Structure formats: structure tokens, C-alpha cells
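Worksheet for the structure shown next.
2 protein chains.
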Amino acid sequence: MAAKKSKKYWVGFDLGGTKMLANIFDSSFELSGRARKKTQSKDGTQSGVERIISVLGEALQDAGIQKDQLSGIGLGIPGPLDPDSGVVIDTPNLGWHNLRLREPIEAAFGCPVFIINDVDAGVFGEYRFGAGQGMRCTVGIFPGTGVGGGCVYEGQILTGKNRSCFEIGHIPVVPDGPLCGCGQRGCLETVASRLAISASAAAAVYRGEAPNLQAIAGTDLSKIRSGALSEAIRAGDAVIEEIVRNGARWLGIGVTTIINLLAPDIIVLGGGLVEAMPDIYLEEVSRVANSRVMAPLRNVTKIVVSKLGDDAVAKGAAAWAEARLNGRTQQATS
Amino acid sequence: MAAKKSKKYWVGFDLGGTKMLANIFDSSFELSGRARKKTQSKDGTQSGVERIISVLGEALQDAGIQKDQLSGIGLGIPGPLDPDSGVVIDTPNLGWHNLRLREPIEAAFGCPVFIINDVDAGVFGEYRFGAGQGMRCTVGIFPGTGVGGGCVYEGQILTGKNRSCFEIGHIPVVPDGPLCGCGQRGCLETVASRLAISASAAAAVYRGEAPNLQAIAGTDLSKIRSGALSEAIRAGDAVIEEIVRNGARWLGIGVTTIINLLAPDIIVLGGGLVEAMPDIYLEEVSRVANSRVMAPLRNVTKIVVSKLGDDAVAKGAAAWAEARLNGRTQQATS
Chain D
3 MAAKKSKKYW VGFDLGGTKM LANIFDSSFE LSGRARKKTQ SKDGTQSGVE
53 RIISVLGEAL QDAGIQKDQL SGIGLGIPGP LDPDSGVVID TPNLGWHNLR
103 LREPIEAAFG CPVFIINDVD AGVFGEYRFG AGQGMRCTVG IFPGTGVGGG
153 CVYEGQILTG KNRSCFEIGH IPVVPDGPLC GCGQRGCLET VASRLAISAS
203 AAAAVYRGEA PNLQAIAGTD LSKIRSGALS EAIRAGDAVI EEIVRNGARW
253 LGIGVTTIIN LLAPDIIVLG GGLVEAMPDI YLEEVSRVAN SRVMAPLRNV
303 TKIVVSKLGD DAVAKGAAAW AEARLNGRTQ QATS
Chain P
3 MAAKKSKKYW VGFDLGGTKM LANIFDSSFE LSGRARKKTQ SKDGTQSGVE
53 RIISVLGEAL QDAGIQKDQL SGIGLGIPGP LDPDSGVVID TPNLGWHNLR
103 LREPIEAAFG CPVFIINDVD AGVFGEYRFG AGQGMRCTVG IFPGTGVGGG
153 CVYEGQILTG KNRSCFEIGH IPVVPDGPLC GCGQRGCLET VASRLAISAS
203 AAAAVYRGEA PNLQAIAGTD LSKIRSGALS EAIRAGDAVI EEIVRNGARW
253 LGIGVTTIIN LLAPDIIVLG GGLVEAMPDI YLEEVSRVAN SRVMAPLRNV
303 TKIVVSKLGD DAVAKGAAAW AEARLNGRTQ QATS
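This is how it looks when you write it as C-alpha cells:
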């Protein structure tokens, strides 16, 4: 391909538990190239960094550009991290700890690199390209295996002391409630995550109450994914619908806490469960939140379903790199 | 008194349910004069605005300065308000609604006027003059009749959509819990406010379990204030101590939610209950929060007791007026 020499490309990278994804964007954030690889976290951190560099290189090839045409790279990484030092503190599903990720990537590509929590990247994507455009305060909540969240306030991603924050999955909602993966009890994700919902669904299958889910997935939790739940509901498993609605109502309690605390302009719901069953989520979360928040906050915050697809994290990470380099993150947008 | 002609004085005002307070500060934020009046909210809003103007005038007299020496006025007002438009949306204990407060005060004193939620003013005071100095993220939590809170993030008071926010007293913590004054059930303030604690204490007195509180206040809720609780505990009413500790532990659950969401540098606890029983509050809130937050967030956030006294709201409101006028609110401080 013809070489394009101006330094105008941005790279967004999404590190998932099973796959890693690199996208190249031009200055208008149109996709110019992409690459994917399996994560293979079991091979350790050194191998992991090499695979990241390799998939970034493949995406450059796919776009037909050279590394000296890159303006910057944004890496969306799961788990807590320190965006200022570029250190990944922990990656829950990969087993990588205290990983200095920025330096080797900067050395390999010769451009500035920013690391950002993957959920924050997704929320920044919503703020730049999705339902949160131009909003002063955008919150994103993504129920999945856990329940992730993030907040973009006046163009900045809210961060905690030396780390990413907004761990909405672990706010306490049920005193002495179910045991959580974090070691606590009654965290939001013990009642609202896909894992919690799938566990209840598996029990319903076991009890013989959900014949369609029985046929689709049986009692194996690892097979009861969002698509299977949605399919079973469409096929008529009323108990599965009630289990999902119950999880969505608990998510509404988490949303209530966020509205009472931050009264954001918009809350964007996303992730696999919401993508598979948007109507159930929008209905239950809106209903609970608007009946449960303080009266003066009723209907103040818009609640919507994300329309950004699988590329949201990579695109948000790339846009964050641009925002950091262009100094746009301190600026209110409305 | 000798007139001081340079335009260098700031006024802070604190509108309480029973009294209103105006303080004049010089450019170093040393107190130059003050005045107080009863609020007398029953006389209506027009009379209320006149009383505010009158007490501000008396404070000027006390400081021996003229209104043309004022740089700006900050008004700390209870309840939700819109800081941008200067409209007080509601004042729960005063019965004033949709009050345009900025214009008449600006007209009377000929300087810029800013309105700010009183709790936010107190937290901004902590950030400028108290335990939060130089902190990137300072949260203040004040259990009183309700439970108020606020957050100063990179020098800005976090605000919601067209209004003040951080209504921590109304985050849901007990599913189907006690009825709250807001009409909901199980809000934090139904279990952690002074009102909740005093109601439990009154029941203990009624049951004959708290002879010292019986002697101090009897079963009359309106007499069981923070000082009475503290005195009864010192005199040996073990059940009252356990009731207060239980309330403080619930406050620790609210603090857990804040740390999991924002991981602030510091949380300052204040208000009557905390001032009267600082050791109990510091001990229980720290213990619950540090055992209940996600493991990587343990001991990340400093938890302290406020050292600013009764003037915190007025001083914080005055400092906020200065920050707004000097454009310092968008600037990170560390």
C-alpha cells in the first residue's frame, strides 16, 4: 500500500481475558486497520507484552502505515491500574501484577502511550462517540461477569488515589448478602452480574422450571451466557425472565446510588447482558431508579443502552490518548 | 472605625434552620467581622431575603468596612440548588422553593454573589483550610439530622445536572429497610443519622435500659441531641454506646460505597455526632470501611475527623466565591 506520511494515526488496544484487539484510527477516528490475537495469559507477562507489541504491529501492517505515522497509543486494560505511572496493578483474569506496560510499548513504537482501565475506555468512548457526546457527566455501567463502571466528568475520566476507580460492582447492597469473589458479602455483583444471574438460572434448570434453557445450555454455568438467557426467554421460560428482571432491578439499586451521589446527565448501560436483552434492562433499571431516587432527582438523569459495539474499548482508549496529548481533558464540553 | 478602601474582603454566609450567620474575611481569610440572626423561616421568602441582606449589612458594620470594599459573597444554603443560575430549588427545613437568591443580594451589595450547598461549602472549607488541603479528591460526610456529603475533586465541587449533588444520606443500604423522610425505605440516613440514633436511644430509655440518658433527656427525641448521647455514654449507659456504634458502623457502609466508587485521598467526618464522639466515629467507620472495601482499596483513603468548627460553612462559602472569581476551580492542586 502507499505510505501515508503525516503523523495522524491513533491506536486503540483492548486487552480481554481471551482475546486482544488493536485498531488503527485516522484523525477523524475512522477505522484504518485492525488485528486480533488470543491473549494466552498463561504464558506470563513477558510473553504477554511481546504479544501486545506483535498485535499492534499487525494492525499497522493492516492499515498500511509505518510507526512514525502514529500520534499516540491508548491501551485499555482490565483491572486496577495507575494511569499516571503507566503501571498495571492487577489483571484479575490474566494473573499479571505490577506490570510496567508503558515503557516497552513506547520503546517499540516511538510514540506516547497511555494506559487506561478498559471500562473507563468504554465510558470515554460513549462520551466521545456514543450517547454521552457533549454531556458534562457521563456514567457507564456494564454488567458482565462482574459489574464494571466508569465516569467521565467535564471531559476527564474520574480517577481515585493513584489508580482507576468506580468499582460499582463492589458497593454493598445486601447486608450479610451472598459471598462475592472479592471476599466480601452482598456486593452489587453478587446479585446483578451475569454470573449471579446465570447461577440462579442454572438452579432453575436443575429444578426443572426452565425447559428451554435446559435444552440450550443445561445446568452448566459456563454455557449459560447472555445469548442463552435471551434465547430461553424468547422461547417461553418465564422463570428465566423473572431471574433476569430481578438482576436488572438490583442493577437499578446501584443506579439509584449513582444518581443520588452524582446526578449525572446520562447513564449508559452496556455489556453482554444488556446487549442481549436491552428492553428488559432499560425497563427495569429505569423503573427502579426513577421510583427509588430522591424525589427531586426523578427523571433528571437519562438512562440509555449503549449503541457502541465491540470496538468501544479500543476506540475509547485511542480517543483518550488523543485527549491527553491535545490537553482536552481539563475542558468542560457544555 | 477607619475605612479600609482596597477591594479585598470576602463574605461567607451560612443559612441554618434556626440561625443565619455572616462572616467577613480579609484576603488572608482571617475573620474581620461577623453577625448572626435567627432565621425565622415562617415569615416567608421575601422576609427571609431581607433578613439575609440585613445580617450581611451588620457583619460589614462589625468589620468596619463599606460594601465597595467587597470582592465577593458566598452563600451556603441547605438543600438542592443550581449553582450556575443562583436558584435555590428547595430548602427542606425552611419551606423556601425556587428562590432566586443571587440577584437581590448582588443588587444590595454591588459585588458578585455565588450560592453553594451548605454541605459543599463545608467540604470546600475542609479542602482549603482543613484536613483536605492540597488533596486531589476530598470527600466530606456529615451525619446530623440527615446525613450530608460533598466532594471536591481537583479543586472543583462535584455537581450534578443543573444542581448540587452527593446526597449520600439517600443511598439505599437496607433493602426494604426503615421509612425515610424522603419517602423511600432503607436510605443510609434511616440507620446512620442522629435522628435514627436518637430514636433508638429514646426506645432504650423507654425500656429502662439507659438510666443516665433518662435523667439527661428522658424519652423526648427532640432533647436527645449529640451532647446528651455523649454525656450518657460517659456516665455509663452501655446500650447507648452500642446504639451510637451501630449507627457509626452503618456510616462505615456508606463510606465503603464512596471508597469503592471514588477512592478519594481523604474522607473528612464532621457534624454534631462526630464532634461529640470523635473516637467512636473514627474507630467504627475506619474499621468497617477498611474491612469492607475491595482488598486493593484497603487503607488507600485517609479517614479523619474535621477540625473546622462552626464557621466551616461560612468560611468555605467565602473561599468558593474567591475560587470562582479567580478561576482557580478548574485547576488541579497536586
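Chains D and P, in that order, are what the protein sequence lines are. When we follow this note's numbering, the leftmost residue of the first sequence carries the number 3, and every step to the right adds one. When we follow this note's numbering, the leftmost residue of the second sequence carries the number 3, and every step to the right adds one. C-beta atoms are modelled at their ideal positions from N, C-alpha and C, and glycine is treated no differently. Predicted model, so just to flag it, every value in this text is computed and none were measured.
Exposed unless 16 or more other CB atoms sit within 10 angstroms - verdict on residue i
i	result
Asn-301 (chain D)	exposed
Ala-181 (chain P)	In the sequence as presented, Ala is not what sits at residue 181 (chain P); that position holds Leu. Leu-181 (chain P) should be labelled exposed.
Asp-122 (chain D)	buried
Asp-120 (chain D)	buried
Glu-32 (chain P)	exposed
Thr-303 (chain P)	buried
Glu-277 (chain P)	buried
Thr-20 (chain D)	exposed
Glu-191 (chain P)	buried
Ser-30 (chain D)	exposed
Lys-40 (chain P)	exposed
Ser-293 (chain P)	exposed
Met-3 (chain D)	Unreliable placement is indicated for Met-3 (chain D), whose pLDDT of 45 sits below 50; the coordinate value is still reported in the next sentence. Its Cβ having fewer than 16 others within 10 Å, Met-3 (chain D) is exposed.
Gly-162 (chain D)	buried
Where the beta strand (DSSP E) containing residue i begins and where it ends
i	result
Asp-92 (chain P)	89-93
Leu-271 (chain D)	268-271
Leu-17 (chain P)	11-17
Cys-184 (chain D)	Neither: Cys-184 (chain D) is in no beta strand (DSSP E) and is coded neither H nor E.
Gly-150 (chain P)	149-155
Nonlocal neighbours in the same chain, by C-beta distance under 8 angstroms from residue i, ignoring five residues either side
i	result
Ser-49 (chain P)	Gln-42
Arg-247 (chain D)	Ile-282, Glu-286
Gly-2 (chain D)	Since the first residue shown for chain D is 3 and the last is 336, residue 2 (chain D) is missing from the structure and cannot be characterised.
Ala-212 (chain P)	Ala-203, Ala-206, Ala-234, Asp-239, Val-241, Ile-242
Leu-299 (chain P)	Ile-261, Asn-262, Ala-265
Within 8 angstroms, strictly: CB atoms of residue i and residue j
i	j	result
Ala-37 (chain P)	Asp-16 (chain P)	no
Ile-268 (chain P)	Leu-284 (chain P)	no
Ala-230 (chain D)	Ile-218 (chain D)	yes
Ala-110 (chain D)	Cys-167 (chain P)	no
Ile-91 (chain P)	Leu-103 (chain P)	no
Val-270 (chain D)	Gly-142 (chain D)	yes
Ala-319 (chain D)	Gly-76 (chain D)	yes
Ile-107 (chain P)	Ile-173 (chain P)	no
Gly-88 (chain P)	Ala-323 (chain P)	no
Val-176 (chain D)	Pro-177 (chain P)	yes
Gly-179 (chain P)	Gly-188 (chain P)	yes
Glu-169 (chain P)	Leu-263 (chain D)	yes
Asp-313 (chain D)	Asn-25 (chain D)	yes
Leu-310 (chain P)	Phe-131 (chain P)	yes
Lys-69 (chain D)	Gly-112 (chain D)	yes
Gly-148 (chain D)	Gly-171 (chain D)	yes
Ser-232 (chain D)	Met-296 (chain D)	no
For residue i, the first and last residue of its enclosing alpha helix (DSSP H)
i	result
Arg-138 (chain P)	Note, Arg-138 (chain P): premise wrong, no alpha helix (DSSP H); not H, not E.
Ile-173 (chain D)	Where Ile-173 (chain D) is concerned, there is no enclosing alpha helix (DSSP H), given that its DSSP letter is neither H nor E.
Asn-262 (chain P)	240-264
Gly-124 (chain D)	120-131
Leu-231 (chain P)	228-236
Asn-164 (chain P)	Unbroken run through Asn-164 (chain P): none, as it is neither H nor E.
Leu-197 (chain D)	196-208
Arg-104 (chain D)	104-111
Ala-217 (chain P)	213-218
Closer than 8 angstroms to chain C by CB, residue i
i	result
Asn-262 (chain P)	Here the protein chains are D and P, and chain C is not one of them.
Spatial neighbours of residue i in its chain, beta-carbon cut-off 6 angstroms, leaving aside the 5 residues before and after
i	result
Val-315 (chain P)	Asp-16, Gly-78, Asp-120, Ala-123, Gly-124
Gly-249 (chain D)	Ala-194, Ile-199
Leu-23 (chain P)	Asp-16, Arg-38, Ala-316
Ser-137 (chain P)	Sequence inspection shows Met at residue 137 (chain P); the Ser mentioned does not correspond to that position. Hits under 6 angstroms: Asp-267, Ile-268.
Arg-326 (chain P)	Phe-116
Ala-334 (chain D)	Confidence is the limiting factor: at Ala-334 (chain D) the pLDDT is only 37, short of 50, which leaves the residue's position unreliable, though a coordinate-based value still follows. Taken in chain order, the residues that qualify are Glu-156.
Cβ shell of residue i (< 7 angstroms), same chain only, five flanking positions each side left out
i	result
Asp-28 (chain D)	Lys-10, Tyr-11, Ser-34
Ala-291 (chain D)	Gly-254, Val-257, Thr-258, Ile-261, Ile-305
Gly-134 (chain P)	Glu-128, Thr-140, Val-154, Ile-268, Val-270
Lys-225 (chain P)	Ala-219
Asn-214 (chain P)	Ala-234, Ala-237, Gly-238, Asp-239
Leu-223 (chain P)	Ser-200, Ala-201, Ala-204
Note to self: Suppose only complete runs of 3+ residues qualify. What are the beta strand (DSSP E) ranges in the stretch 19-78 of chain P, listed by chain order?
What the structure shows: 21-27, 33-40
Next item on the list: Any chance you could list the alpha helix (DSSP H) runs of at least 4 consecutive residues sitting entirely within the stretch 273-334 of chain P, in chain order?
Entry: 274-278, 280-294, 314-327
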